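Quick mapping for you: the protein sequence lines, in order, are chains D and W. Residue 70 in the working numbering sits at position 70 of the first sequence, and the numbers go up by one each step. Residue 112 in the working numbering sits at position 112 of the second sequence, and the numbers go up by one each step.
Protein chains: 2
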Amino acid sequence: MDAPTGVREHCPVAATLDLVGSRSSLLLMREAALGTRRFADFAVRTGLSEPMTARRLAELVDAGLLARADYREPGQRVRQEYRLTSSGVDFLPVITALRQWGDAHADVPGGRPLRVDHAGCGAEVVAEVRCTAGHAVPPAEAVVTRLR
Amino acid sequence: MDAPTGVREHCPVAATLDLVGSRSSLLLMREAALGTRRFADFAVRTGLSEPMTARRLAELVDAGLLARADYREPGQRVRQEYRLTSSGVDFLPVITALRQWGDAHADVPGGRPLRVDHAGCGAEVVAEVRCTAGHAVPPAEAVVTRLR
DNA sequence: CGGTATCCTATAAGATACTG
DNA sequence: CAGTATCTTATAGGATACCG
Chain D
1 MDAPTGVREH CPVAATLDLV GSRSSLLLMR EAALGTRRFA DFAVRTGLSE
51 PMTARRLAEL VDAGLLARAD YREPGQRVRQ EYRLTSSGVD FLPVITALRQ
101 WGDAHADVPG GRPLRVDHAG CGAEVVAEVR CTAGHAVPPA EAVVTRLR
Chain W
1 MDAPTGVREH CPVAATLDLV GSRSSLLLMR EAALGTRRFA DFAVRTGLSE
51 PMTARRLAEL VDAGLLARAD YREPGQRVRQ EYRLTSSGVD FLPVITALRQ
101 WGDAHADVPG GRPLRVDHAG CGAEVVAEVR CTAGHAVPPA EAVVTRLR
């Protein structure tokens with residue numbers, strides 16, 4: 001995760017994977033996307049060990065996707081929390097797309113454990129490939145240019 | 001990638017990561033998304049070693065994202081190719097979302113090496129979080145339900 | 001509660017050499 | 001061209017114990 005081992009890949013996908021590409025990081029980002037904020041909840045809900053949870057959360061903070069802060073519920077003592085930064089919010093399409101593919105194509109024992117719906121509207125939330133002009137872009141209409 | 005090591009995670013995100021969650025698999029899916037079809041091109045363009053390229057391509061075929069076939073260019077001998085299946089095409093939002101986050105937030109030495117544009121329209125291709133009713137869904141409007 | 005320290009195993013991934 | 005075989009190293013990640 002820190003430095004790529006092989007040939008240096010000058011690609012935004014590879015760069016993203018170098019920062020947040022491990023299973024543990026992505027599971028933690030999933031949890032953050034679902035609203036989890038506290039250390040113990042991250043560990044239990046991802047099934048990660050505490051040392052791994054601590055290490056990856058620290059990396060995600062370093063990488064700017066999460067921010068750590070103190071907070072105090074009324075009448076309680078001070079606790080820690082991890083919240084999505086704006087960069088972390090920008091990561092939600094990745095998590096949404098992974099969830100969507102899993103729902104459609106992976107065999108999740110016991111059926112679908114998660115739903116994400118649009119507030120008010122009630123329709124399911126998905127990741128769509130579009131152009132910035134707003135058109136849906138099917139694969140055949142995507143033109144790839146390799147620069148350099 | 002084969003069997004999850006820790007607590008069994010009943011989640012579509014985790015299930016997806018168990019099938020295609022390694023850096024090498026995701027780089028190969030990136031290449032497939034960019035139109036790469038031949039073994040040697042996959043290896044060179046991802047920077048992966050040949051043994052790793054062979055192993056992961058075989059896994060992606062097993063997982064149903066790629067299909068292997070013979071093909072023959074006019075006047076050439078028979079060659080192999082790997083093509084996206086419909087399940088593989090459904091994976092494109094993941095790759096698009098990873099690329100998009102990298103373009104916005106990762107430091108790719110030498111600038112942006114890749115563009116994906118909408119044919120004809122010319123506008124850039126991105127992954128958007130929407131509901132199936134067609135509304136854009138900002139994070140604040142996503143309602144998460146954990147079932148079971 | 002929110003971690004850290006230490007040690008261990010499994011796997012990801014590369015290097016090199018070789019084959020049909 | 002499209003791989004396979006073998007070996008090695010680096011990293012992911014868990015288990016257990018402990019700390020402020």
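Here a beta-carbon is modelled for each residue, glycine too, at the ideal position from N, C-alpha and C. Computed from a predicted model, the values in this text were never measured in an experiment.
| request: Under 9 Å between beta-carbons, which chain W residues line up against ARG145/D? List them in chain order, please. | output: Per the sequence presented here, residue 145/D reads as Thr, with Arg not at that position. Those within 9 Å of THR145/D in chain W are LEU114, ARG115, VAL116, ASP117.
| request: Can you grab the Cα-Cα spacing for the pair ALA127/W / ALA54/D, in whole Å? | output: 30 Å
| With a CB to CB cut of under 8 Å and the five nearest residues on each side skipped, what residues in its chain are close to HIS118/D? | Short of 8 Å from the beta carbon of HIS118/D, and not among the five residues preceding or following it, lie these beta carbons of its own chain, in chain order: GLU124, VAL125.
| said: Taking 7 Å as the cut-off, is the C-beta of GLN76/W nearer than that to any heavy atom in the ligand NAP? | reply: As for the ligand NAP, it is missing from this structure, which has no ligand bound.
| Cβ distance (whole Å) where LEU28/D is taken to contact PHE42/D below 8 Å | 6 Å
| task | Could you tell me the boundaries of the beta strand (DSSP E) in which GLU124/D lies? | result | Element bounds for GLU124/D: n/a, residue is neither H nor E.
| query | Alpha carbon to alpha carbon, what distance is there between GLY122/D and LEU114/W? | reply | 36 Å
| request: Please report the residue range of the beta strand (DSSP E) in which ARG83/W lies. | output: 78 to 84
| task | Please determine if the segment 69 to 85 of chain W and the segment 76 to 84 of chain D are in contact, where contact requires at least 3 C-beta pairs separated by less than 8 Å. | result | no
| message | I'd like the span of the alpha helix (DSSP H) that includes ALA106/W, first residue to last. | response | Here ALA106/W belongs to no alpha helix (DSSP H), and DSSP marks it neither H nor E.
| Whole-angstrom distance between HIS135/D and GLY120/W, CA atom to CA atom | 11 Å
| VAL44/W versus GLY21/W: straight-line alpha-carbon distance, rounded | 20 Å
| field | Those residues which DSSP pairs with ASP117/D across a bridge | value | GLU124/D, VAL143/W
| Distance between GLN100/D and ARG112/D (C-alpha atoms, nearest Å) | 11 Å
| message | Can you give me the C-alpha to C-alpha distance between PRO149/W and GLU59/D, rounded to a whole angstrom? | response | No answer is possible for residue 149/W: it lies beyond the span of chain W, which begins at 1 and ends at 148.
| By the criterion of Cβ-Cβ separation under 9 Å, what are the contact partners of PRO139/D in chain W? | ALA33, LEU84, VAL89, LEU92
| query | Closest to ALA15/W by CA distance: which of ARG130/D, ARG146/D, GLY102/D, ALA140/D is it? | reply | GLY102/D
| field | Per DSSP, cross-strand counterpart(s) of ARG68/W | value | TYR82/W
| task | Give the interface partners of THR96/D over in chain W, defined as CB-CB distance under 7 Å, in chain order. | result | VAL129
| PRO51/W versus ASP18/D: straight-line alpha-carbon distance, rounded | 21 Å
| request: Kindly list the residues whose CB is nearer than 6 Å to the CB of GLY88/D, restricted to its own chain and excluding five residues on each side of it in sequence; keep chain order. | output: Here the set comprises LEU65, LEU66.
| Residue range of the unbroken alpha helix (DSSP H) whose run includes ARG38/W | Note, ARG38/W: premise wrong, no alpha helix (DSSP H); not H, not E.
| field | DSSP bridge partner residues for CYS131/W (one or two, in chain order) | value | VAL125/D
| said: Assuming ARG158/D and VAL13/W are in contact, meaning their beta carbons sit under 8 Å apart, how far apart are those beta carbons, in whole angstroms? | reply: Summary: the structure shown does not reach residue 158/D, with chain D confined to residues 1 through 148, and so no result is reported for it.
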